[in-house]
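**Student:** Position 103 (the sequence shown) corresponds to 403 in this note's numbering; numbering is contiguous.
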Amino acid sequence: MLLLLIPSSAHAEQEEIEWSSPPVQEPEKSRNDQDKTDAQEKDLDLLIETLGSEETNASIEETMDEEENQHQTDTDEEHSTLEAQPLPLTPPLDQSGTTQRITPPSYEFIGFSPAEDRRSLGKGIYRGTSRSDLTKLLKTLPGDERGSLTIYKTTNRLLLTAGQKSDLIEDAQPVAGEDILTLRLEKLLERGLYEEAAAFYTSLDSEPDHERLAAAGLTALIMTGRKSLACLDIKSFFEDQAVTEKWKELGAYCNLVMTIASGSETGKIQQNENPYTEIPVLSRIAGDHEYRENYSPGLFRNLSPFERSVIIAEGRLNIDLPALKKNLSEGNIPPADIQPLLQNPDLDLDTRLQLISEGLRSSTVSESVLFQLFKTTKTNTQDKSPAAQIIRVYERIKAKEPDNDLLEQMRTALRETKTLGPESMIPLLPTLETVSPETFPPQEYSTALFAFMAAERDLPPTWQKSVARWRDTPKTAESEQLHKTLLLQIYLLTEPGNRTESQKNSVRELLKADGNKGLWPFFDIIENIDKGSAPLNNGLKVYENGFDTPTNKGYTMPSADPRASLEKAVRANAVGETVLLSNWVVRRVSAEPVSPEALIEVTRSYRQLGLYDQVIAITAEAVFAAIK
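Here it is, written out as C-alpha cells:
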C-alpha cells in the first residue's frame, strides 16, 4: 500500500453488502492519442477565445453580490482545511439536459494549508481571479505532463492548496457539476494524485451536490484500496443514479466485487452470459481470472481514471521490475503513474525509494511518504543496496549512535543518491547542515547542493560560505561536465549581492559555448532571478520562431493571447491564474523541447509574484538538462 499521511475516511469498512444485477452500460467510447490531441487543441482555442474577454471583464461589477461575498468571507476559515467527516451521499441529478446553475457549495476550496502539507502554495492563491476564468482554465488544463516538469509540479501544488471564496471574483454562478472542487478532483485523478483526491472527498462536511463530484471521489477511494467503503456509498443511492454512464460503471464494478467476495468463480463466464460485456475492463476480469495488464509507461495514458482504479484495486497489473528500473533511470515514468505503481507490494526497496523521489520531483507524492518509508523500514548490515545504505545512515542518526564517523556516513549517503535521486537525501538534510562542506569532494558537494535545491531549503551559513571556495575550483578534462554543473549551481544558490563579475562572465561563456547555442536566452532568467521587475522588453517576439535560437526548429506559440492573459493575471497578483496559464505558455506543440523564450516569459511572471523557488527550479531543470 502507498503510505501517505493523509486523513482517512471516517467510514467503517463493511464487506457484507447485497447487490442488484449490474446495469447495462453504453458502449465504451474510444480513446487514443489523436483524440486527446484534437480535444486539447479545441480546448486551447476555447481558452484563447474566452480568456481576456472584455465582455467578461465588463460583467464582473454587474454580477457581484456583496451579501453573498460577505457570507463567503464568514465561512472561509471553516471550510479551507481538512477535517474528516462522515459523508452522506444524496446528490441531485439534472436529467433534463438543460444547464443547471447552482449556488457555490461551501466546500469548493478545501485543500492543504502550509501547516498540513509543504506542497501548499499558501493563502490568497485565487485573489484577483474570476470564477469564469478559473473554471475555463481548470477545464482545459492538460492532465498529462507537458513541457516543464517544474511547472507540472507547481500546478499540482496549486490543485492541492486550500483557497478562500472571498478571494474569488464571483462574476457568474457555477454550473452544476462544474464547481471548483469537482474540477480540481477530476484533474487530480488525471494527474495521478489519488490519495489526495480521496482525502479531500472524505473530508467533506456536507453531501456532494452532483454525481460528478461523487464519482471522482469514489473512484479515488477505489484506487487507494478502499473499495468496500466506496461500494457502500454507491449502493446507498445507486438506484437513483443508474441512468448515467459513470454510475453504470461504478455500480457494475461493485456487483463484480461482491461476486468475487462471495466466492463465486470468475474466469469461467461464457461470453453470452457475461453481464459486463459493455464495460471491457470488468468483462475481462469476470471472464478471465488470469487477466493482467503489463505495465509500460504508456499503459495508463489511454485508460480512464475508472479503468486505472479497477486494474489497481483488483491486483491486475503486472510489473517487470528490470524494465521499470530502466525506465526510471531514463526518466520515462509519467508522474501520473507513480502512486499506482507504489501500491505494488512486490517492489524492492531501491525501486520504491526511486519512485518516491520521482514523485517528489512532480509533487505527485508528499515528503511524508518519504519520511514514512525511512521511519518504518528496518535494514540489516548485509543489505548493500543503495536504499538500504542511505536508510541505515538515517537509523544511526535517529538512534544517536556515536558520530565520530558522521562525515563518512554523509558521504556514503550522497554517493547512493546517484541512482536514487537527490530527493532521497531530504530526511538527512538537517544533519548534513551540521557537517562542514569543505571536506566533500566535488561530486558529493554537487549532489548535496542538488538535495538542498530539491527540498527548496536554504543553504545554511557554513554552506553559503563554502560556495566561494568552490567558485574558483579549476576544471580539468575529466571533470569538465561536473565543473559546468557546479558553476551553475553555485550561481543559482548565491545571493545576488554576492555574485562577482567573474562569476557572471563564466556563466555567460558557458551558455554561449559551442554546442549550447540554444542556452543563451537562459542568461536573461539566471541574471534576474531575484529581481522584482521584468528585465525583458521583447514583446510578442518570444512567441515567434527563431528569436536568436538556432536550435529551436519547431516551437511556435499558438497565439499571443495567452501572453496577454498572463500579463493581466500578474498585474492582478493572481497566483493561481498565473500558474494555470503558464501550462499553456510552455506547452509543446511539437517534438521540440520547450522554448527558452517561453520559459523566460513564465519565470518573469513567477518572479513578479514572488515565486522565487519555482523560478530557480524551472531554470535549473532546463539548463542542467541542456548541458548534459
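We put the CB at the ideal spot given by N, CA and C, even for glycine.
Put F740 into one of helix, strand or coil per three-state DSSP.
**Tutor:** Residue state, collapsed to three classes: coil.
**Student:** When the Cα of K684 is compared with those of F606, L649 and E708, which residue comes out closest?
**Tutor:** Comparing Cα positions, the closest option is L649.
**Student:** By how many angstroms is the C-alpha of Q654 removed from the C-alpha of L529?
**Tutor:** Each residue's alpha carbon lies about 31 Å from the other.
**Student:** Do L782 and V807 have their C-beta atoms closer together than 8 Å?
**Tutor:** Not in contact: L782 and V807 (Cβ atoms no closer than 8 Å).
**Student:** From R608, T577 and R696, pick the residue whose C-alpha is nearest to that of R592; which is it?
**Tutor:** Of the listed residues, the one whose Cα sits closest to R592 is R608.
**Student:** Excluding the five sequence neighbours on either side, which residues of its own chain have a C-beta within less than 6 Å of the C-beta of L660, listed in chain order?
**Tutor:** Correct list, in chain order: E723.
**Student:** Exposed or buried, what is Q709 when buried is set at 16 or more other beta-carbons lying within 10 Å of its beta-carbon?
**Tutor:** Result: buried.
**Student:** For S536 and P405, I'd like the C-alpha separation in whole angstroms.
**Tutor:** Looking at the two C-alpha atoms, the distance is approximately 22 Å.
**Student:** Run through DSSP, which three-state label would T794 get?
**Tutor:** Correct three-state label for T794: coil.
**Student:** Cα-Cα, which of G910, V693 and E486 is closest to Y501?
**Tutor:** That would be E486, whose Cα lies nearest to the Cα of Y501.
**Student:** Please work out which residues of its chain come closer than 8 Å, Cβ to Cβ, to E328, disregarding the five sequence neighbours upstream and downstream, and give them in chain order.
**Tutor:** A caution first: E328 carries a pLDDT of 40, below 50, which makes its placement in the model unreliable, though a value can still be read off. Answer for E328: E578, I579 and P580, listed in chain order.
**Student:** Within the same chain, show all residues whose beta-carbon is closer than 6 Å to that of T717, passing over the 5 residues directly before and after it, in chain order.
**Tutor:** S724, M725 and T747, listed in sequence order.
**Student:** Enumerate in chain order the residues of its own chain whose CB-to-CB distance from S420 is below 6 Å, with the five nearest sequence positions on each side excluded.
**Tutor:** Excluding sequence neighbours, S420 sits near F412, S413, P414 and T461.
**Student:** Using 8 Å as the threshold, is the C-beta distance between V669 and I690 below it?
**Tutor:** The answer is no: Cβ separation not under 8 Å.
**Student:** State the start and end residues of the unbroken alpha helix (DSSP H) segment that holds T429.
**Tutor:** Here T429 belongs to no alpha helix (DSSP H), and DSSP marks it neither H nor E.
**Student:** Going by C-alpha to C-alpha distance, which of L786, S766, A754 and E780 sits closest to V915?
**Tutor:** The shortest Cα separation from V915 among L786, S766, A754 and E780 belongs to A754.
**Student:** Can you find the residues in the same chain that come closer than 7 Å, C-beta to C-beta, to N280, ignoring five residues on each side of it along the sequence?
**Tutor:** Any question about residue 280 goes unanswered here, given that the chain covers just 301 to 928.
**Student:** Cutting at 6 Å between CB atoms, please list the residues of its own chain near E756, excluding the five before and the five after it.
**Tutor:** Taken in chain order, the residues that qualify are D913.
**Student:** Please report the distance separating the alpha-carbon of L532 from that of G551.
**Tutor:** In a straight line, the C-alpha of L532 is about 10 Å away from that of G551.
**Student:** When the Cα of F606 is compared with those of R907, R526 and T519, which residue comes out closest?
**Tutor:** Here the closest residue by C-alpha is T519.
**Student:** Can you give me the C-alpha to C-alpha distance between L628 and E490, rounded to a whole angstrom?
**Tutor:** Near 20 Å, if we compare the C-alpha coordinates of E490 and L628.
**Student:** Just checking: is the beta-carbon of N680 within a distance shorter than 8 Å of some beta-carbon in chain C?
**Tutor:** This model lacks chain C altogether, as it is built from one protein chain only.
**Student:** To which residues does DSSP link I469 through a beta bridge?
**Tutor:** According to DSSP, I469 bridges with S430.
**Student:** What is the DSSP secondary structure of N942, counted as helix, strand or coil?
**Tutor:** Missing from the structure shown is residue 942; the chain here goes from 301 to 928 and no further.
**Student:** Mark K548 as exposed unless 16 or more other C-beta atoms lie within 10 angstroms of its C-beta, in which case mark it buried.
**Tutor:** With 16 or more other Cβ atoms within 10 Å, it is buried.
**Student:** What residue does the alpha helix (DSSP H) around P605 start on, and which one ends it?
**Tutor:** Taken as a continuous stretch (DSSP letters only), the alpha helix (DSSP H) holding P605 covers P605 to A613.
**Student:** Closer than 8 Å is the cut-off here; do at least three beta carbon pairs connect the segment 426-439 with the segment 512-527?
**Tutor:** As far as the Cβ criterion goes, the segment 426-439 does not touch the segment 512-527, which means the pair count is below three.
**Student:** Pop quiz: R692 and T679 are said to be a contact at Cβ under 8 Å. What is the actual Cβ separation, rounded to whole angstroms?
**Tutor:** That pair is a contact at about 5 Å.
**Student:** Under a Cβ-count criterion, where at least 16 other Cβ atoms within 10 Å of its own Cβ denotes burial, should H589 be classed as buried or exposed?
**Tutor:** By the 10 Å Cβ count, H589 comes out exposed.
**Student:** Alpha carbon to alpha carbon, what distance is there between S583 and T878?
**Tutor:** Going from the Cα of T878 to the Cα of S583 covers about 44 Å.
**Student:** Give the single residue among A476, G876, T524 and T559 whose Cα lies nearest to the Cα of A497.
**Tutor:** Checked all of A476, G876, T524 and T559; the closest Cα to A497 is T524.
**Student:** Spatial neighbours of P742 within its chain, please: CB distance less than 6 Å, with the 5 preceding and 5 following residues excluded, ordered by chain position.
**Tutor:** Contacts found: L782.
**Student:** In this structure, does DSSP put S833 in helix, strand or coil?
**Tutor:** Note that S833 has pLDDT 36, beneath the 50 cutoff, so the model's placement of it is unreliable and the number below is only indicative. Here S833 sits in coil by DSSP.
**Student:** State yes or no: is the C-beta of E639 within less than 8 Å of the C-beta of E495?
**Tutor:** Looking at the sequence provided, one finds Gln at residue 639 rather than Glu. Yes. Within cutoff.
**Student:** Could you check the C-alpha separation between S721 and V885 for me, to the nearest Å?
**Tutor:** The sequence as given places Gly at residue 721; Ser does not occur at that position. Between G721 and V885, the C-alpha separation is close to 28 Å.
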